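The next block holds one structure in the form of structure tokens; read it before the comments.
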Amino acid sequence: MTNAIRPQPGILDIALYEGGKSHVSGVANALKLSSNENPAGPSERAREAFLRTVHTLHRYPGTDHASLRQAIAEVHGLDADRVICGVGSDEIITFLCQAYAGPGDEVVFTEHGFLMYRISALAVGATPVEVPERERTTDVDALLAACTPNTKLVFIANPNNPTGTMVSSAEVSRLAAGLPPQAILVLDGAYAEYVQGYDAGLNLIEARSNVVMTRTFSKIYGLGGLRVGWGYGPKPIIDVLNRIRGPFNLSTTQQEVAEAAVRDQDWVTRCRQENARWRVWLAEALAELGVPSDTSMANFILARFADAAEAEACDQFMQSQGLIVRRVAGYKLPHCLRITIGDEASCRRVAHAIAQFKGLR
Ligand SMILES: Cc1ncc(COP(=O)(O)O)c(C=O)c1O
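Mapping to numbering that gives the first Met the number 0: the sequence shown position 78 is 77, numbers consecutive.
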């Protein structure tokens, strides 16, 4: 390679995204609690849809995702023309950055925000702007103070990963109302289904022209391996995103399985209830062991240790017990471990291992 061959500005500043670990050397069948996956997997109806699509694998998929968008719209009470589907919500985040940010523009997100916001901003040559949180919670005043005439996108995840915390709808409205006129608020709702009665910002989107929502089938729908997400927003913005979307970005399998999944809301309800039950149980069990966490609204808890050394030692000990959780030093939380809420047996194993680590059992 000669020196004359260079990637676009920003790309060499990207630190590669590291997913949650899934293996521990020397430990067979380790329990993976590092990627916020649904321990129950997808619904039966989604599994059946997956098998059915084997018969049409020689056919190109539909390009407009009409049936999937219609299903999403019906289930959530939306306008199907304002739904866009992507390869995970990651792809919707990518489209937003490609379409609305570039060199000289700023992409704002929170201190412990999802790593893809930074990566997607850098990939288009934009400037990532990281804003402090207050006690591991989105700080609307700090976000508003960080906005400038160059701010094009403001990302918040509500609930947030990896903190699990949430801000109220009133706070989100205040943020949307206070943004400069050229900026879009992106409400990342990857964990929205875990919050009983939460509209994920839909009312706000209907009321304003500067708010877009992203959602995923990777979490409560148990389809992280399938890679399907979607976005919803004002028609002019969705039309722009569709111009840069590859026509065949989603396979027939992705579209049909996601459609079956979204139509099975009983499964979603059951998974939400089960998650809430074991999330409370695990948070209380760890608190009794001297490991606090903020009240989580998602399918994980962020366990806080005395310092980075203790968090690392606990992680090592859990790995030796076949338990894989997530180190979050890359999210500026070196003293914490993010632990996905698994099934009852998994939660009990985690609590037992941490008790042993603390010398309490
Ligand atoms: C806050 C947040 N947003 C978006 C995503 C991306 O999810 P996917 O691309 O699987 O839809 C994740 C995945 O971990 C996440 O935690």
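Note that beta-carbon positions come from the ideal geometry of N, C-alpha and C, so glycine has one too.
Computed from a predicted model, the values in this text were never measured in an experiment.
Would the beta-carbon of residue i be found less than 6 Å away from any heavy atom of ligand 1?
i	result
Asp-187	yes
Asn-408	The structure shown does not extend to residue 408, since the chain spans only 0 to 360, so no value can be given for it.
Thr-215	yes
Asp-293	no
Gly-18	no
Ser-21	no
Phe-113	yes
Ser-119	no
Pro-87	Here residue 87 turns out to be Gly, not Pro, going by the sequence shown. Yes, Cβ of Gly-87 sits closer than 6 Å to a heavy atom of ligand 1.
Gly-372	No information on residue 372 is available, as it lies outside the stretch 0 to 360 that the chain covers here.
Asn-298	no
Ala-352	no
Grouping DSSP H, G and I as helix and E and B as strand, with all else coil, what is residue i?
i	result
Met-212	strand
Pro-127	strand
Asp-187	strand
Leu-142	helix
Ile-338	strand
Ala-199	coil
Ala-14	coil
Tyr-220	coil
Tyr-231	strand
Ala-260	helix
Val-23	strand
Phe-247	coil
Thr-55	helix
Arg-133	strand
Leu-225	coil
Ala-182	coil
Thr-150	strand
Ile-237	helix
Ile-155	strand
Leu-174	helix
Leu-359	coil
Leu-281	helix
Leu-30	strand
Ala-39	coil
Glu-274	According to the sequence displayed, residue 274 carries Asn and not Glu. It is helical.
What separation, rounded to the nearest whole angstrom, lies between the Cα atoms of residue i and residue j?
i	j	result
Pro-233	Arg-207	8 Å
Ser-42	Asp-293	30 Å
Arg-51	Ser-172	43 Å
Phe-356	Phe-316	7 Å
Cys-335	Ser-33	13 Å
Val-239	Thr-251	23 Å
Ile-219	Asp-89	16 Å
Val-261	Ala-305	41 Å
Cys-270	Glu-105	38 Å
Ala-156	Ser-21	24 Å
Leu-332	Pro-38	25 Å
Ala-98	Arg-348	45 Å
Answer yes or no: does any C-beta atom of chain D fall closer than 7 Å to that of residue i?
i	result
Ser-24	Annotation note: the requested chain D is absent from the structure, which comprises a single protein chain.
Quick check for students: name the residue ranges of the alpha helix (DSSP H) that lie wholly in the segment 61-125, counting only runs of 4 or more. Within the segment 61-125, the complete alpha helix (DSSP H) segments at least 4 residues long are 65-75, 87-99, 114-122, listed from N- to C-terminus.
Give the list of continuous beta strand (DSSP E) stretches no shorter than 3 residues that lie fully inside the segment 289-329. Taken in chain order, the complete beta strand (DSSP E) segments of 3 residues or longer contained in the segment 289-329 are 299-303.
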